[in-house]
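Residue numbers (the working numbering): 406 to 680.
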Amino acid sequence: MLTVLKITNDTNLGTGKKIISLFKPYQIKTELRKCDDVEVNYINYILRHGNIRFDKLYNCCIGKRKTILCDNKISLEGSRLKRFTGIIFKKIMLDNFICSILEKANIPPTDIKISYYDPGAENPALAERLLSYCTNLTVVSDMPRFYENESERIAKTRGALFTVNNDVSALCPCDILIAPTIIKKPVPTSSNNIIFTVYPPASPVPGNIITDYFCDFPEKYISLTDDDIDDMYLLSALYSLCGIDSLAELIPHSCGGSGIKYSSDDIIRIIKSKC
Numbered sequence: 406m407l408t409v410l411k412i413t414n415d416t417n418l419g420t421g422k423k424i425i426s427l428f429k430p431y432q433i434k435t436e437l438r439k440c441d442d443v444e445v446n447y448i449n450y451i452l453r454h455g456n457i458r459f460d461k462l463y464n465c466c467i468g469k470r471k472t473i474l475c476d477n478k479i480s481l482e483g484s485r486l487k488r489f490t491g492i493i494f495k496k497i498m499l500d501n502f503i504c505s506i507l508e509k510a511n512i513p514p515t516d517i518k519i520s521y522y523d524p525g526a527e528n529p530a531l532a533e534r535l536l537s538y539c540t541n542l543t544v545v546s547d548m549p550r551f552y553e554n555e556s557e558r559i560a561k562t563r564g565a566l567f568t569v570n571n572d573v574s575a576l577c578p579c580d581i582l583i584a585p586t587i588i589k590k591p592v593p594t595s596s597n598n599i600i601f602t603v604y605p606p607a608s609p610v611p612g613n614i615i616t617d618y619f620c621d622f623p624e625k626y627i628s629l630t631d632d633d634i635d636d637m638y639l640l641s642a643l644y645s646l647c648g649i650d651s652l653a654e655l656i657p658h659s660c661g662g663s664g665i666k667y668s669s670d671d672i673i674r675i676i677k678s679k680c
């Protein structure tokens, strides 16, 4: 079962209600939604006075998972609850989106240069997938020997190689930079570079930073959704916490970052203009 927490601030009360709120400082409303064997418990904590009683919220989670879905602005510090982050699913959506747009773009593999930054060698499978669309692929990693072995292995079966380096300066120049992990070092990109990642960079990285990927919510599970919870965040929890593996096959139709949203066609046009 998933638990979704919403905090409703109802402290702007009239005199009479303010007095009542001293005796009833909060109210907890719950709603259970089901689809097949998947259950989502929506908790609305209505705060009228004082601080949030996380002990009361914890009681609502007895016998349930203590990792909950909630807004980033809700601090769970000091409670026994933990906020679900959902980064695994976002990385899968990044992979699917990249491969989808490269497939649709149909750019000759010799005409596009892709750089892939994977310092911890956490996702080597994507590097191999990228070779289907690009003959000029550079992989930068803090584990270069691992990727050199990968390149040699792939060459034996596919006859394709990628360049390996451990210096971030080798990422540029490129048409696309892909980094399925947080970028902690300055990267010498230009302002017109497209950077596909899942976290805002922790160091200066000029360019169009893409951190979010959006797809249609499957009709089968639409009854589990709610206006107060982001669809992609909920999908991530359904995949990671409820084991709905089929969600990994979803293909995002758009992406975005820093308040800007691009359709897949927008991104394809940008990439083609650079090649």
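For each residue, glycine too, the CB sits at the ideal point set by N, CA and C.
Everything numeric in this text was worked out from a predicted model, so none of it was measured.
Of all alpha-carbon atoms in T490, D476, K471, I492, the one lying nearest the alpha-carbon of S484 is that of K471. Rounded to whole angstroms, the gap between the alpha carbons of I448 and D636 is 17 angstroms. The alpha-carbon separation between P524 and N598 amounts to approximately 20 angstroms. Restricting attention to alpha helix (DSSP H) runs no shorter than 4 residues, the segment 600 to 648 encloses them at 636 to 645, ordered along the chain. According to the DSSP assignment, R438 belongs to the beta strand (DSSP E) that extends over 431 to 440.
S556 sits in a helix when the DSSP states are folded into three classes.
Contact annotation: V443 and C620 have beta-carbon atoms that are not nearer than 9 angstroms. The shortest C-alpha to C-alpha distance from L535 to any of S505, N554, D547 is the one to S505. With fewer than 16 neighbouring CB atoms inside 10 Å of its own CB, G664 falls in the exposed class.
With respect to the 9 angstroms criterion, N501 and P657 are classified as neighbours on the basis of their beta carbons. For T586, DSSP assigns no beta-bridge partner whatsoever. Between the segment 575 to 594 and the segment 539 to 559 there are three or more inter-stretch CB-CB distances shorter than 8 angstroms, so the stretches are counted as touching. In the displayed model, N597 falls within coil according to three-state DSSP, outside both helix and strand. Each of T490, Y667, Y552, S645 was checked against the Cα of I615, and the nearest Cα belongs to Y667. Taking each of R488, G468, T602, K469 in turn and checking the Cα distance to N477, the smallest one comes out for R488.
Sequence-distant Cβ neighbours of D650 in its own chain, meaning closer than 8 angstroms and more than five residues away, are Y644. Excluding the 5 residues flanking it on each side, L640 has same chain C-beta neighbours closer than 7 angstroms at F494, F622, L652, in chain order. Annotation: the continuous beta strand (DSSP E) that includes N570 extends over 568 to 570. As the crow flies, the alpha-carbon of E527 is around 32 angstroms from that of L629.
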